[in-house]
Each structure stands twice: as C-alpha cells, then as structure tokens.
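Residue numbers (the UniProt record's numbering): 1 to 360.
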C-alpha cells in the first residue's frame, strides 16, 4: 500500500509492529505503530493496527487483574502456590472412595457418585451490561443487576421445573481423568497433567477449566509434566483409581442468554470442592462464603476457557431473586489501589417484603 501521507486512506504497517502483535508483545507493537504514525502521519492501516493492539492489550491487562484478584481471594491462594503434583494438600472425601471388594470377594465397582444440580440465571435488568468487568471494576456505582435463579421444564413433558445443569464426580477403578459431556456427546480420557490445561484440544475445554478452577488439578500445576497418577495418589485415591466427571445440560439451546457455561462451571467447581473437602458438607446448600469462593473460581474458569464474561453470570449459585451490585474495594481487598471496583460483587437476596411470593 502507499503511505497515508497524513491524511488517512491506505498506509503501511511496520513489519516489527506486526510481528510484535502476532507474538502478543502489545507494548512493543503499539510503540512501533506510533513511531510509524509520527513519521508518515495517520492512515487507515495504522489506525486499525493500533486499535487491535490496544484492544488486545486491554483484555490481557484485565485478564491478569482477574487472575490476581481470584488468586488473592481468601481460600484460593493454595491453588496457585502448588507446583508439584505430589504435594496436593487436599484429599478425596472418604465417603466417595470405592469399597475394597464386592460382597462375593471380587473387585468392587466405582465409588459413590457425587452429584451437583444447578439452576441457570435470568437477568431482569443488567443496567446496560454493567457487570462486565471493564465496566463493573471501573464504574462500580453504576453496576447493578436484578438476577433470578431458575429451574426449567417443558410444559406437558416434565411434571415440574428442575435444575437444568448436572455435574457428577466419582472415583473409578482406572488411573485416568475421564471427562464426559452428555449433551455434547463428547468424551476424553486424560493421563497427564498438561493435558488438563489443553483447553482447546476438544469440545471439553469448559470441563477442563472446571477441574482446574475447582482445585482437583489446580492452576499452579500448569506447565507440570507429571502423570495424573501423582495427583490421584496425593488426593488419597487407592492405587489404580482415577476420577470421572460427567456433565449434562438438559434441553437448553445455544444462545439462550441464561449463562449456561458459567453456571456449568460453577456446578463443576462446587462438586469438585465438595469432593475434596473444601466445603463443610457433601450435600445441601453451600454457605455464603463457599458460594463466593465458587463464583470467584467460575470467573477464573471463564477466563481460562477464553470466554471472559461478567460477574452476574454465576448468579445461579445463589437461589431466588437477587440484587447484585458492584462495590468499591477496601484495604483488605486485592483490588485496593488497582481498580475502582472489586472483582466480586455483593448479592442481596430479596425478602418476601421486597419480592412477594407471587413473583417467585
């Protein structure tokens, strides 16, 4: 292309800037593009290149901030500090381990299945997508969402609404991490730690991200080349045993705007936390603090999987009708001195006075 000559139109892009952009060295790319613009003047090509570099740089910065906030959130630091598979500090709950043998003295079957059922979320008002991290963390006073957790049913088919998302985890008598998505009709068997972090390997990237964010194969192990049997041994599984995660999203079409992926992540994270003793009970409602931990990790999982999102999407972890709002950080928060708003919002469940029973 010819030089823009200061008046827009076609123009040249410096090769060093283009190479830096492709290698995700955004600061170098921006410097190269600005130098070219100062010499040749603005052009469509340089403007487009700068826009791309600034856009990707902003998302990289935001992603780093999200990871830091999640890492520094209480209860999550251990996941990032772990560097050796054999040093995993958690243990699979005894109630999930398979019996030593069956009633006839032969080899027993798998352990008890632990199942998590999760609703989806529907927003009544999101104040102009104000929960998106760029907005919520930069302008917390304007970030407000009315959010409802909903079960679903097909009229005339199901007797009553039910949670549409299910995640099941169980110990199996094979030394693999088996991932199965019923609705996607996809299955994988992983044997090495690095395979868990290969989120683009197949259609099961969300399940992999949930296993990571749930702490079974924590994010600190990224780059580790150990076999998964090292993790299983540290978790206290019997020799030759592994784990099987099965997920099912029942009858929700793509593009439903019900935050299915985030609430599926929340479901996987919750069942993983229960299975490894990170919650107070194997069954029943999560405590408020456990919900907040799971929500923070779901945000991490979304970024690991590459979809980003906003903080209201994990609203299915809280029952009922909620007002969710962003807040400014305090000196105890990891966002203090970094951003105007905190990563995690506060959830207020509307009382019967605020939302009469007829609305529920």
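Just so you know, even glycine gets a beta-carbon here, dropped at the ideal spot from N, CA and C.
(request) Just the C-alpha distance for residue 22 and residue 61, rounded to the nearest angstrom, thanks. (result) 17 Å
(request) Tell whether a beta-carbon distance below 7 Å holds between residue 313 and residue 270. (result) no
(message) For residue 125 and residue 289, what's the separation of their Cα atoms in angstroms?
(response) 25 Å
(message) With DSSP as the reference, identify every bridge partner of residue 349, one or two as the case may be.
(response) 322
(request) Output the distance between the C-alpha atoms of residue 337 and residue 329, rounded to the nearest integer angstrom. (result) 8 Å
(request) Specify, as a first and last residue, the run of the beta strand (DSSP E) that residue 123 falls within. (result) Start and end: 120-125.
(request) Assign residue 244 to buried or exposed, taking buried as 16 or more other Cβ atoms, counted over all protein chains shown, within 10 Å of its Cβ. (result) buried
(request) Go ahead and pull the three-state DSSP assignment for residue 222. (result) coil
(request) List the endpoints of the continuous alpha helix (DSSP H) containing residue 274. (result) 260-275
(request) Note down, in chain order, each residue of its chain lying with its Cβ closer than 6 Å to the Cβ of residue 300, except the 5 sequence neighbours on either side. (result) 70, 213
(message) Among 201, 118, 226, 237, whose alpha-carbon lies nearest the alpha-carbon of residue 294?
(response) 118
(request) Give the C-beta separation of residue 114 and residue 169 to the nearest angstrom, bearing in mind that I take them to be a contact with Cβ-Cβ under 8 Å. (result) 5 Å
(message) Just to confirm my understanding: we take residue 110, look at its own chain, exclude 5 residues before and 5 after, and list those with CB closer than 8 Å. What are they?
(response) A distance below 8 Å between beta-carbons, with the five flanking residues on each side excluded, links residue 110 to the following residues of its chain, in chain order: 98, 170, 171, 172, 173, 244.
(request) Consult DSSP for residue 12 and reduce its assignment to one of helix, strand or coil. (result) coil
(message) Rounded to the nearest angstrom, what separates residue 282 and residue 315 at their Cα positions?
(response) Straight-line Cα distance between these residues: approximately 21 Å.
(message) Can you list, in chain order, the residues of its chain with a C-beta nearer than 6 Å to that of residue 180? Leave out the 5 residues immediately preceding and following it.
(response) 187, 246
(request) Could you round the C-beta distance between residue 121 and residue 325 to whole angstroms and report it? I think they count as a contact, below 8 Å. (result) Rounded, the Cβ-Cβ distance is 15 Å, inconsistent with contact.
(request) Could you tell me the distance, in whole angstroms, from the CA atom of residue 263 to the CA atom of residue 30? (result) 37 Å
(request) Give the straight-line distance between the Cα atoms of residue 34 and residue 50, rounded to the nearest whole angstrom. (result) 8 Å
(message) With three or more beta-carbon pairs closer than 8 Å as the criterion, would you say the stretch 76-95 touches the stretch 229-236?
(response) Output reads yes: the stretch 229-236 touches the stretch 76-95.
(message) If you reduce the DSSP assignment to three classes, tell me which class residue 28 lands in.
(response) Residue state, collapsed to three classes: helix.
(request) Measure the C-alpha to C-alpha separation of residue 353 and residue 359 and round it to an integer number of angstroms. (result) 11 Å
(request) Sort out for me which residues DSSP pairs residue 77 with in a bridge. (result) None, per the DSSP bridge assignment.
(message) Distance check for residue 139 and residue 340, CA to CA, integer angstroms please.
(response) 7 Å
(message) So, for residue 203: in the same chain, excluding its five sequence neighbours on each side, which residues have a beta-carbon less than 8 Å away from its beta-carbon?
(response) Annotation for residue 203: 181, 184, 186 place their beta carbon closer than 8 Å to its own, counting only its chain and skipping 5 residues before and after.
(message) Taking only three categories from DSSP, how would you classify residue 18?
(response) helix
(message) Considering Cα atoms alone, identify which of 52, 279, 192 is closest to residue 25.
(response) If we check each option's Cα against that of residue 25, 52 comes out closest.
(message) Within the continuous alpha helix (DSSP H) that includes residue 194, where are the two ends?
(response) 193-196
(request) Compute the Euclidean distance between the alpha carbons of residue 147 and residue 40, then round it to the nearest angstrom. (result) 51 Å
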